[in-house]
Amino acid sequence: MKLSRRCFLSFVAGGAAGTALSPLPWKLTDDLSIWSQNWPWTPVPPDGEGTYTLSTCTLCPGGCGISVRKIDDRAIKIEGAKGHPLNDGGVCILGLSGLQLLYGPTRIQAPMKRVGDRGQGRWQTISWKQAIAEVAGKLKEIRDQGAPQSVACIAPKDVGTVAQLLSRLLSAYGSPNFLRMPSVEDAYEAAIYLTQGATGAAGVDVENADFILSFGSAILDGYGSPVRMFKANSKMKELHGTVVQVESRLSNTAAKADQWLAVKPGSEADLAMAMANVIISQVAFDQDFIANKVDGFEAFARMVQDKYAPETVAQKTGIDSETISKIALQFAAARKPLALCGKGKGQTPGSLKEALAIHALNALVGNINRSGGVQALAAYDYINWPDIETDSVAAAGLQKMRLDGAGSDSLPHVRYLTHRLANIADGVQALLVAETNPCHSLPDTQAVKAAFDKIPFVVSFSSFMDETAMNADLILPNHIYLERFEDVPVTAGVARPTVGLCRPIVNPLYNTQHLGDSIMQIAKALGGTIAGAFPWEDYETCLKMTLRDQWGTLAKKGVWMAPNATRTGFETAPGKFVMMNDDMGAIYMADDVALQGGDDAYPLVLIPYDSIRLASRYIGDTPFMVKTVSDTVIKGQHGFVDINPETAKRLGLADGQLAKLTTPVGEATVGVHFEYGIMPGVVAMPRGLGHTAYDAFLAGKGVNVNQLIGPVEDPASGLDAAWGIGAKLA
Amino acid sequence: MSSNEDPKPKDVTEVAHASSPSPPGGGAYLLLFFIIGLALSMVVGWAVFPKALYSKKSQPFDFNHKMHLEQVDESCESCHLFRADGTFSGSPRLAQCVGCHEEVLGESEDEAIFVEQYVAQEREVPWLIYARQPDCVFFSHAAHVKGAKLDCAVCHGPTETTESLKPYEENRITGYSRDIWGHSISGLKHNTWDRMKMDDCAACHETAGIHDSSVQTGRDACFVCHK
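Those sequence lines, one after another, are chains A and B.
1 is the number of the first residue of the first sequence in the working numbering; add one for each residue after it.
731 is the number of the first residue of the second sequence in the working numbering; add one for each residue after it.
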């Protein structure tokens, strides 16, 4: 039989009918639709038990409480901890995106030793035993040469057990060169010490103020404890309080303030003095406080009346005398006025004169040591470790002057002058860098990197491959904050001593080790009295023993806040708030902080500004943060500067074009962004960009403003008070 | 020269005519071929296709639900429990089992596998989940078990009487269990638990009169399950 065409067609028709009568087409259609709605390559997070763990964020000095949601052992979301005394459920963009740091690609996964040149990025993974042995071996060698003082350490803070362990290691070893990264705390501490005689940070009770006079403080862009400041600002708005922002740029804070005083940058101290003048001449000050609790008022009054009449100051500040008088009197008339010091996030110390002048405004309205005011924060006194027994080498080393000169006879008011790192490198044989990134965040990064080149031995404890880790010889990676225990005493302007507990949310992902344990192991390897200074088995034991009294509260609530500890008296010699004495007279009479490059070659002034969307300290921006930055700040890889269109047109620059920005310190290609909110003659650039290390999400984006600005020392204190730098844009 | 221009139309007609006369009984032949086609495709569709569509997999080891239920007080929820936050835990985790199974109990081979390969090594058992719905579906056990007071068996069948686990049949296209479509390839069902497709959810919601899930329309809406 021959299969005819008809038979074949008939067979196919039968097949089609049979197929239609079978489940095949319907089932296939259904399966394909399920398949196409659940592509097998689309990642689906595994299901599991959801839990929340309370911890404390350490990504900035703010000390916010966080509540981390986990599914089984995987952290999936960071939220603000409800009921926390600082941030009560709120969280900032950096804190929110912390999981990108935990699971991101820039983590250092094991101890590493440099095998190529510095900065080349060629590393060899080594064991922890070898890493500790190498550090201890080098430190022993330096000590055997009788130069323990040539070992320095940079840390982000000097409070808390980890910072204290580092400092203790240096003391037992014989070096006075513990350095803290610069911030407005340096100036605030000096001002508090001079006026109130107290040692410690300034606490500002923003929650209870009804009039905030902010001298450039980025209340809405990361000043102090950022979420706390946001909340205080919102509360102030609800209660119809007043915020006056003194700043040369229309920042978010200025835009949301009740009044914006566009002051010429660098003249804030004069403005504060002129306001003091008005308050004194109009007798608008707190007469009871001045009469009973202030020493040196007459001398102070004489000085401001002689030198700082509003009319005299008007031209220098760019604020007319009527406005100065009006704001000064509004400030004095407010029920709970508060003047804030510290530009931007407060990452630079600024001039001591400015801090004193602003603090004097608070004193004039009697706003010291009371609700809604400023007070010396009681010192964190929970660390009561046994005294260190020093051997002869250590004792000799500790007798030496600090390399940075802080606390010397000529610079008695300050404790750290870390910006001098570039100048003191010759005296440093070994540098330990803990959770800071000086190669990116100290001013004049080229000079800092050159200093690193001079230092023979650099150890980084960074968890991330940042610019400083790139320039280290050894990296002993710390657990990141979501993997470790740590006490977090907050100094960022909190009104009451507050200690948060940072605790492990997940088990360490990589072969990292707690910095506290690394310090102890180094000390133990060094032996003798150094090892003897560390009697604890490991960091966790040390922490629990140290926090003995508060551990229960901390473990349960995640935070401990001192009962209201408003100080009543003053610890100065006269027992009063000192507005003027010989020391302070010298500071007030000292020259203004000069502008580097303030000549014809550099007709513009470059000022840095801070944004809550950009992290500008140790931690680099997370990919999520970079995504939220406007294209007038970064576009592609280019960073932009804000410039007033009038100034730009005068220079022949068009909006959006690229131009070369030159300062006495460096140069960079930047985009030009026309912005009416910035004073003519000034260009502004955000901090926190221009990373060269890290990963493709961050490296090469924008320009690091610190590569264009160098430190300028305050003649009175030695602190870095650079508020800008001469610049040329072409 | 192209073949289109080949001038032989007559030959083509002849060839066509040569094969065209129908053989005797041509209608029957056609019907025969139709039936063969029909039968073969029915065999493929009803028998070959289901076999080809599903791969059979064994569970890591066997499990006796009946015996375990005799040991516990709170029925299914003793092991398939609701967590404190109301979420459903699904298959038990190792931590729930080790209370009893720290050491090998009895002499079964499955018990030995469990204790030696999972408990001792602290590995979770990679159970194959018969009732797992596609990821595009949201399903809350709490709403059905606690809220609507449904018995587990309504959807999962009389699992409590089984002494061993049936083979897991995985759909090669979707990757989901055969239990969702149901064992019958025709999609017919006799019991509520025979099939767990969208229509089955909808039918039950319809019968139970649940029409309050959309505020706007007052009717059941896609977003109840497809969030």
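Cβ coordinates follow ideal geometry from the N, Cα and C atoms, glycine included.
Checklist entry - For the segment 531–564 of chain A, which residues have a CB atom closer than 9 Å to at least one CB atom of chain B, in sequence order? => result none
Checklist entry - Which of helix, strand or coil does DSSP assign to residue 518 of chain A? => result helix
Next on the checklist: Any contact between the segment 453–463 of chain A and the segment 227–246 of chain A? By contact I mean 3 or more CB pairs, one from each, below 8 Å.
Outcome noted: no
Checklist entry - Can you pull the DSSP bridge partners for residue 120 of chain A? => result Answer is none; residue 120 of chain A lacks a bridge partner.
Item to check | Coarse secondary structure for residue 733 of chain B, derived from DSSP in three states | outcome: Bear in mind that the predicted position of residue 733 of chain B carries a pLDDT of just 44, short of 50, making it too unreliable to give a figure here.
Next on the checklist: Short of 9 Å Cβ to Cβ, which residues in the segment 7–28 of chain A face chain B?
Outcome noted: 7, 8, 9, 10, 11, 12, 13, 14, 15, 16, 17, 18, 19, 20, 21, 22, 23, 24, 25, 26, 27, 28
Checklist entry - Would you report the Cα separation of residue 570 of chain A and residue 601 of chain A, rounded to the nearest angstrom? => result 49 Å
Checklist entry - In the segment 888–906 of chain B, which residues sit with their C-beta less than 8 Å from some C-beta in chain A, listed in chain order? => result 901, 903, 904, 905, 906
Item to check | For residue 901 of chain B, the three-state DSSP class (helix, strand or coil) | outcome: strand
Checklist entry - Rounded to the nearest angstrom, how far is the Cβ of residue 345 of chain A from that of residue 610 of chain A, given a contact under 8 Å? => result 4 Å
Item to check | 7 Å Cβ cut-off: residues of chain B touching residue 35 of chain A | outcome: 903, 904
Next on the checklist: Across the segment 523–530 of chain A and the segment 130–141 of chain A, are there enough close Cβ pairs to call them in contact, namely three or more that are closer than 8 Å?
Outcome noted: yes
Checklist entry - If residue 60 of chain A and residue 432 of chain A are in contact, beta carbons under 8 Å, what's the gap, nearest whole angstrom? => result 22 Å between Cβ atoms; not a contact.
Next on the checklist: Between residue 68 of chain A and chain B, is any beta-carbon pair separated by less than 8 Å?
Outcome noted: no
Checklist entry - residue 829 of chain B CB to nearest chain A CB: under 8 Å? => result no
Checklist entry - Would you say residue 824 of chain B reaches chain A, if we count a Cβ-Cβ gap shorter than 8 Å as a contact? => result no
Next on the checklist: Taking the alpha-carbon of residue 957 of chain B as reference, which of B/940, B/867, B/816, B/938 has the nearest alpha-carbon?
Outcome noted: B/867
Next on the checklist: List, in chain order, every chain A residue whose beta-carbon is nearer than 8 Å to that of residue 864 of chain B.
Outcome noted: 34, 37, 38
Next on the checklist: Please report the straight-line C-alpha distance between residue 750 of chain B and residue 903 of chain B, rounded to a whole angstrom.
Outcome noted: In this prediction, residue 750 of chain B scores a pLDDT of 47, lower than 50, which makes its location untrustworthy; no coordinate-derived value is stated.
Item to check | Opposing strand residues paired with residue 713 of chain A [DSSP bridges] | outcome: A/720
Checklist entry - Among A/717, A/621, A/730, A/273, which has the Cα closest to the Cα of residue 99 of chain A? => result A/621
Checklist entry - Looking only at C-alpha atoms, which of B/835, B/790, B/798, B/931 sits nearest to residue 859 of chain B? => result B/790
Checklist entry - Is the Cβ of residue 811 of chain B closer than 8 Å to any Cβ of chain A? => result no
Next on the checklist: List, in chain order, every chain A residue whose beta-carbon is nearer than 7 Å to that of residue 923 of chain B.
Outcome noted: In chain order: nothing, as chain A lies at least about 19 Å away.
Next on the checklist: With H, G and I counted as helix, E and B as strand and the rest as coil, what does DSSP make of residue 654 of chain A?
Outcome noted: coil
Item to check | Pairwise C-alpha distance: residue 182 of chain A and residue 348 of chain A | outcome: 6 Å
Next on the checklist: Taking CB distances under 8 Å as the criterion, tell me whether residue 31 of chain A reaches chain B.
Outcome noted: yes
Checklist entry - For residue 766 of chain B and chain A, any beta-carbon pair shorter than 8 Å? => result yes
Item to check | Neighbour list for residue 769 of chain B in chain A, Cβ cutoff strictly below 8 Å | outcome: 14, 18
Item to check | C-alpha gap between residue 476 of chain A and residue 44 of chain A, whole angstroms | outcome: 35 Å
Next on the checklist: Threshold first: 3 residues or longer. Then list the beta strand (DSSP E) segments lying entirely within the segment 849–919 of chain B, N to C.
Outcome noted: 898–901
Next on the checklist: Under 7 Å, CB to CB, which of the residues in the segment 50–62 of chain A have a partner in chain B?
Outcome noted: 50
Checklist entry - Just the Cα atoms here: how many angstroms apart are residue 400 of chain A and residue 688 of chain A? => result 36 Å
Checklist entry - Near residue 319 of chain A, which residues of its chain fall below 7 Å by C-beta distance, leaving aside the five closest residues on each side in sequence? => result 261, 263, 271
Next on the checklist: So, under 8 Å CB-CB, residue 374 of chain A and residue 383 of chain A are touching, yes? Tell me the CB distance rounded to an integer number of Å.
Outcome noted: So it is not a contact: roughly 25 Å between Cβ atoms.
Next on the checklist: As a quick exercise: from A/248, A/365, A/245, pick the residue whose alpha carbon is nearest that of residue 280 of chain A.
Outcome noted: A/365
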